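Working notes, beginning with the structure itself.
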Amino acid sequence: MAVTTAEPIRLPAGPRLPKTVQGIGLLTARQRVVAQLQRRYGSEFTVDLPIFGPTVVVGDPHLVKDLFSTSGDLVGRPVHTFGETIGPGSTWGLDGGEFLERRRVLAPPFHGKRVKNFEYIIEEEVMREIATWPEGREFATLEPMIRITLGGILRALFGAEGDALDELRSVLPPTVTLLSRIGLLPSVVRHDLGRWSLWGRFLEYRRRIDAVVDSLIADARVDPDITERSDVLAVLLRARYEDGRPMPDRHIADELLTLMAAGHESTSATMAWVIERLRRHPRLLSRLVDEVDAGGSELRLATISEVQRTRPVVDSTLRGAKQRIRLGPWVIPKGCTLMPSIVLAHQKSFRDEHVFDPNRFLGDAPKPDAWVPFGGGIFRCLGSSFASMEVDVILRTLLRELRFEPTDTPGERAHNRGVVFAPAQGGRAVVYRRRADVVHRTGYRDAVWQGHRG
Numbered sequence: 000m001a002v003t004t005a006e007p008i009r010l011p012a013g014p015r016l017p018k019t020v021q022g023i024g025l026l027t028a029r030q031r032v033v034a035q036l037q038r039r040y041g042s043e044f045t046v047d048l049p050i051f052g053p054t055v056v057v058g059d060p061h062l063v064k065d066l067f068s069t070s071g072d073l074v075g076r077p078v079h080t081f082g083e084t085i086g087p088g089s090t091w092g093l094d095g096g097e098f099l100e101r102r103r104v105l106a107p108p109f110h111g112k113r114v115k116n117f118e119y120i121i122e123e124e125v126m127r128e129i130a131t132w133p134e135g136r137e138f139a140t141l142e143p144m145i146r147i148t149l150g151g152i153l154r155a156l157f158g159a160e161g162d163a164l165d166e167l168r169s170v171l172p173p174t175v176t177l178l179s180r181i182g183l184l185p186s187v188v189r190h191d192l193g194r195w196s197l198w199g200r201f202l203e204y205r206r207r208i209d210a211v212v213d214s215l216i217a218d219a220r221v222d223p224d225i226t227e228r229s230d231v232l233a234v235l236l237r238a239r240y241e242d243g244r245p246m247p248d249r250h251i252a253d254e255l256l257t258l259m260a261a262g263h264e265s266t267s268a269t270m271a272w273v274i275e276r277l278r279r280h281p282r283l284l285s286r287l288v289d290e291v292d293a294g295g296s297e298l299r300l301a302t303i304s305e306v307q308r309t310r311p312v313v314d315s316t317l318r319g320a321k322q323r324i325r326l327g328p329w330v331i332p333k334g335c336t337l338m339p340s341i342v343l344a345h346q347k348s349f350r351d352e353h354v355f356d357p358n359r360f361l362g363d364a365p366k367p368d369a370w371v372p373f374g375g376g377i378f379r380c381l382g383s384s385f386a387s388m389e390v391d392v393i394l395r396t397l398l399r400e401l402r403f404e405p406t407d408t409p410g411e412r413a414h415n416r417g418v419v420f421a422p423a424q425g426g427r428a429v430v431y432r433r434r435a436d437v438v439h440r441t442g443y444r445d446a447v448w449q450g451h452r453g
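Note that the sequence shown ends on residue 453 in the working numbering; no numbers are left out.
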């Protein structure tokens, strides 16, 4: 990608419907609308949206890679972001040098080796949750997965236990849900009209969160063992910018809420999709249990990658052009919004793209320009290592402890929950405890196939 000042603006074609109609279409049925527009106009097309204006959807994987790898001097965050809603300390509201400085401070707790310290927390949350799961009766797994990931990330981020953990478990899910509804609304419509208004409810939830976080920060500051703690709150309290400045407490609270909003529902939706896919692929399910019993992980990690390829829970992201730039055959004006489509990039990067086949990820790691469930470039999801660890530990524990009954019912459709796309029926499952007579490999395989026909 390069800056261009002499070439005339050249945007890809797109629908000519009124801006409001296009906005409603993408808001209510984004994946279906994007697929239809891609078939009509090609990998790139332009839509006109409320708030964002002309927006270029980018689906060619090579252009998506180019866009993600472009300097922050040319492409940055769009004008409107969730950061404006969360607060001035949120990474989602930062750009340029200020963003890079903050990311350097936030990165250490999320290094791949460090997140392994949190594996025991995730396994404890799984065991706590599945103790209540019914046997032999179908139920939706999405809400249980939300509880698992919520508990895990709260303990890892905040080091919270007891009353503080209970309060955050209560208030954070509705806060994230509200954030998904109001995060991209223009600031002029954000008025506190009390508990009956969306903004009023969000502010009330935020006051409750801040009260708990303030208490946790105060306790951490007097904790004699704070230098030994690995939770993200303790790490951020110890962190310093290059000039020696600490991060302000309010910015720490904003960042913790940002990390929660970014990682909580996305990980739980991914796990619901994992279960939805495995129940429809019994041979793969049997192979995965064999591998777990043998202590392996290669097929499990490949399966997770394939779920993220075929069912990305975040289907696109947003960028803003800071200067007039060339992107492939297109010339994008300054201020134009760009929407790299993760769904389209995944579809165009692999052969037999609609076939669910984890074998494609065995042996070699996914190529960064072809597999981008966490986005890419300087804005790539900061918590991707934590999320990957979380999904792996959850799946490993479930396969070790439970037998999932296969099904030949049609696959669940994607449902837009505001922040993420999840299985429309919640990733329904039927489970049984793995007892002594089915723990060994052959017994498990017989039990799997006894309950599946076709």
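Ideal Cβ positions, reconstructed from N, Cα and C, are used throughout, including at glycine. A quick note: this is a predicted structure, and the numbers were derived from the prediction, not measured.
query, result
"Touching or not, the region 55–66 and the region 33–45, by the rule of three or more beta carbon pairs under 8 Å?", "yes"
"Looking at Leu-337 and Arg-350, is the spacing between their C-beta atoms short of 8 Å?", "no"
"Which residues bound the beta strand (DSSP E) around Trp-91?", "First-last for Trp-91: undefined, no H or E at that position."
"CB Thr-140 to CB Thr-266, shorter than 8 Å?", "no"
"Taking the alpha-carbon of Val-306 as reference, which of Val-170, Glu-122, Arg-278 has the nearest alpha-carbon?", "Arg-278"
"How is the beta strand (DSSP E) around Leu-361 delimited, first residue to last?", "Per DSSP, Leu-361 belongs to no beta strand (DSSP E) and is neither H nor E."
"So the candidates are Leu-10, Leu-26, Ala-219, Glu-100; which of them puts its Cα closest to the Cα of Gly-243?", "Glu-100"
"Return the residue from the list Gly-426, Arg-103, Gly-135, Val-125 that minimises the CA-CA distance to Pro-409.", "Gly-426"
"Please state whether DSSP places Met-338 in a helix, a strand or coil.", "strand"
"Among Asp-165, Asp-162, Arg-194, whose alpha-carbon lies nearest the alpha-carbon of Leu-177?", "Arg-194"
"Spatial neighbours of Val-419 within its chain, please: CB distance less than 8 Å, with the 5 preceding and 5 following residues excluded, ordered by chain position.", "Glu-264, Ser-265, Ala-268, Val-312, Val-313"
"So what does DSSP say about Pro-53, is it helix, strand or coil?", "strand"
"On the DSSP bridge list, what partners appear for Ser-179?", "According to DSSP, which records beta bridges pairwise, Ser-179 is partnered with nothing at all."
"DSSP beta-bridge partners for Arg-427?", "Ala-139"
"Quick one: grab the DSSP three-state call for Val-46.", "strand"
"Looking at C-alpha atoms only, which residue of Glu-137, Ile-85, Trp-132 is the closest neighbour of Glu-400?", "Trp-132"
"Is it buried or exposed for Glu-124, if we count other Cβ within 10 angstroms and need 16 for buried?", "buried"
"Hey, quick one: how far does the beta strand (DSSP E) through His-414 stretch, first residue to last?", "413–415"
"Taking C-beta to C-beta, are Pro-77 and Phe-51 nearer than 8 Å?", "yes"
"Can you give me the C-alpha to C-alpha distance between Gly-24 and Arg-38, rounded to a whole angstrom?", "16 Å"
"Rounded to a whole number of angstroms, what is the C-alpha to C-alpha distance between Glu-166 and Asp-209?", "11 Å"
"Do you know whose CA, among Lys-18, Lys-347, Ile-377, lies nearest Trp-370's CA?", "Lys-347"
"Work out the CA separation of Ala-217 and Glu-6 for me, nearest whole Å.", "56 Å"
"Where does the unbroken alpha helix (DSSP H) through Pro-60 begin, and where does it stop?", "60–67"
"Pick from Ser-229, Glu-203, His-110, Glu-142: whose alpha carbon is nearest that of Arg-154?", "Ser-229"
"Tell me whether Lys-112 is buried or exposed, calling it buried when 16 or more other Cβ atoms sit within 10 Å of its Cβ.", "exposed"
"Which residues bound the beta strand (DSSP E) around Pro-422?", "420–422"
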